[in-house]
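Asks:
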Amino acid sequence: MSDTSAIDDKTTTSSDTSNTDSNWGTFALLVFRYFIFSIIIIFIGINYIFLLNYKQLDILFPTEMQNYIQTNVRQRGGQPCANCPFSDVDGNKNYDFLGSLGYSIPIKGWPYSLYNSSINTYLQNFKNWFALTEAYSFITFRTIMKYTLQFKGIKNLPQPIIIISGYILFIFGCIFIPIVGFFTSLIHIFSATDYAWFIGILGIIFGYTWVIAYINAIYQLCAFLLNLLIVPSLLNPSLIGRLLQCNLSTFTNIFTVLIVIASWQSLNTTTASMITIAYVIMLIKSYIS
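No gaps in the numbering here: position 146 of the sequence shown is 146 in the UniProt record's numbering, and each next residue is one more.
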């Protein structure tokens, strides 16, 4: 008799626990965090769509040596939805505005202004080496960026997939661009000129080789973030707004999936299952209609 009572008490306790272990405060906090996260994904994806269709990438990402230094140095290797037209992404009306942001061809100012092939002194040779090292390093970075944005297969994908791809690019870019920038800078430090290896070795001894590589890595990461997160909104905020409006359904889908995830993270199994079933029914209805 006592054994039966113990089993009944345990069953009752388990049932009570399963019905009361939902943490609605945690659920609300997760929903808020996922709401912000969804906005970030959409915003990055929209900017990515803009850059994929932008026709002035040569200004944003110049990749020819003559755009950096006026010299005879040999060049080294270095599907839109119907409501979101891109006809105004490719005009020349933004050229002056790009110039005001510091994007110009040829690129002017330091460190490229240090180059002067008409003076043959140790100091000027060092300046020439530094200017060429920086030019080659940023040509490599901008070539990678431009080729990534010119990959034709991406444009033909549905916009929700492009948006997710843009966020994935953002994550991978934040991880790998500093690494690539650091090591490509090291390569160019030792190969920018015929005497670069000597200056590079001295730089290892005195430390400036590592400083240049680290600074380039950080600067290229900042340039990546600037171009992906800020520049599109500055160039054409009205189009960015229309792209956001066009992809509200994508935002809703992402946010809804994250709500389901939040329910399993903070609510009991019964409640989370009900939310999941409701989401599946809503998804089926959207495809049927």
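Even glycine gets a Cβ: it sits at the ideal position worked out from N, Cα and C.
Bear in mind the structure is a predicted one, so any value in this text is a computation, not a measurement.
For the 8 angstroms Cβ check, are there 3 or more pairs between the segment 112 to 128 and the segment 25 to 34?
Replies: Touching, no, given that fewer than three Cβ pairs across the two stretches are closer than 8 angstroms.
Asks: Given a threshold of 16 other Cβ atoms within 10 Å of its Cβ, counted over all protein chains shown, does residue 310 qualify as buried or as exposed?
Replies: Since the displayed the chain opens at 1 and closes at 289, residue 310 lies outside it and no answer follows.
Asks: Quick test of your reading: F170 and F35, contact by CB under 8 angstroms. State the CB separation rounded to the nearest angstrom.
Replies: Not quite, the Cβ-Cβ distance comes to about 18 angstroms (not below 8 angstroms), so this is no contact.
Asks: Using only alpha-carbon positions, find the residue among Q159, A192 and T269 that is nearest to I41.
Replies: The candidate whose alpha carbon is nearest that of I41 is Q159.
Asks: Does DSSP classify L30 as helix, strand or coil?
Replies: L30: helix per DSSP, three-state reduction.
Asks: Please list, in chain order, all residues of the same chain as S38 whose beta carbon is under 8 angstroms from its beta carbon, the five residues on each side excluded.
Replies: Contacts found: F251, I254, F255 and L258.
Asks: Cβ of Q220 within 9 angstroms of Cβ of F151?
Replies: Result no, Cβ atoms of Q220 and F151 do not sit closer than 9 angstroms.
Asks: Taking the continuous alpha helix (DSSP H) assigned at K127, which residues delimit it?
Replies: Counting along the chain, the alpha helix (DSSP H) containing K127 begins and ends at Y122 to L149.
Asks: Please check if any C-beta of chain C sits within less than 9 angstroms of the C-beta of F43.
Replies: Among the chains of the structure shown, chain C does not appear; only one protein chain is present.
Asks: Taking the Cβ atom as the reference point for each residue, do P106 and Y136 lie within a distance shorter than 9 angstroms?
Replies: Not a contact, by the Cβ cut-off of 9 angstroms.
Asks: Quick check: what's the CA-CA separation for S273 versus I281?
Replies: So the alpha carbons of these two residues sit roughly 12 angstroms apart.
Asks: Consult DSSP for L157 and reduce its assignment to one of helix, strand or coil.
Replies: Of the three classes helix, strand and coil, the one that applies to L157 here is coil, per DSSP.
Asks: Taking Cβ positions, are L132 and A196 nearer each other than 9 angstroms?
Replies: For L132 and A196, yes; Cβs fall inside 9 angstroms.
Asks: If you follow the alpha helix (DSSP H) that N227 is in, where does it begin and where does it stop?
Replies: Note, N227: alpha helix (DSSP H), Y208 to L229.
Asks: Report the rounded CA-to-CA distance for K108 versus L235, giving the unit in angstroms.
Replies: Cα-Cα distance, rounded: 21 angstroms.
Asks: Sorted by chain position, which residues of the same chain lie with C-beta nearer than 6 angstroms to I44's C-beta, five sequence neighbours on each side aside?
Replies: Result list for I44: G166, Y167 and F170, in chain order.
Asks: Just the C-alpha distance for G203 and L226, rounded to the nearest angstrom, thanks.
Replies: Computed Cα separation, rounded: 30 angstroms.
Asks: Beta carbon of S22, beta carbon of T271: below 9 angstroms?
Replies: For S22 and T271, yes; Cβs fall inside 9 angstroms.
Asks: Apart from the five residues just before and just after A192, which ones in its own chain have a Cβ nearer than 7 angstroms to its Cβ?
Replies: For A192, where only same-chain residues beyond five positions count, the Cβ hits under 7 angstroms are W129, L132, T133 and Y136.
Asks: Distance, Cα to Cα, Q245 vs F183?
Replies: Going by the C-alpha atoms only, they are around 41 angstroms apart.
Asks: Measure the beta-carbon distance from P237 to L51 and round it to whole angstroms, keeping in mind my assumption that it falls under 8 angstroms.
Replies: 15 angstroms between Cβ atoms; not a contact.
Asks: Output needed for K127: all residues of its chain with C-beta closer than 6 angstroms, excluding positions within five of it in sequence on either side, in chain order.
Replies: Closer than 6 angstroms at Cβ, skipping near neighbours: L114.
Asks: Just tell me which of L60, P111, I177 and I284 has its CA closest to the CA of Y214.
Replies: For the residues L60, P111, I177 and I284, the minimum Cα distance to Y214 belongs to I177.
Asks: Expressed to the nearest angstrom, what Euclidean distance is found between the alpha-carbon atoms of H188 and K146?
Replies: The alpha-carbon atoms of H188 and K146 are separated by roughly 20 angstroms.
Asks: Identify the continuous alpha helix (DSSP H) that holds S249 and give its terminal residues.
Replies: From DSSP, the alpha helix (DSSP H) with S249 extends over L248 to S266.
Asks: Would you kindly work out how many angstroms separate the C-alpha atoms of Y54 and N247, rounded to a whole number?
Replies: Roughly 19 angstroms separates the two Cα atoms.
Asks: What would DSSP say about A192, mapped onto helix, strand or coil?
Replies: Three-state DSSP puts A192 in coil, outside helix and strand.
Asks: Quick check on the burial criterion: 16 or more other C-beta atoms within 10 angstroms. Buried or exposed for L123?
Replies: L123 comes out exposed.
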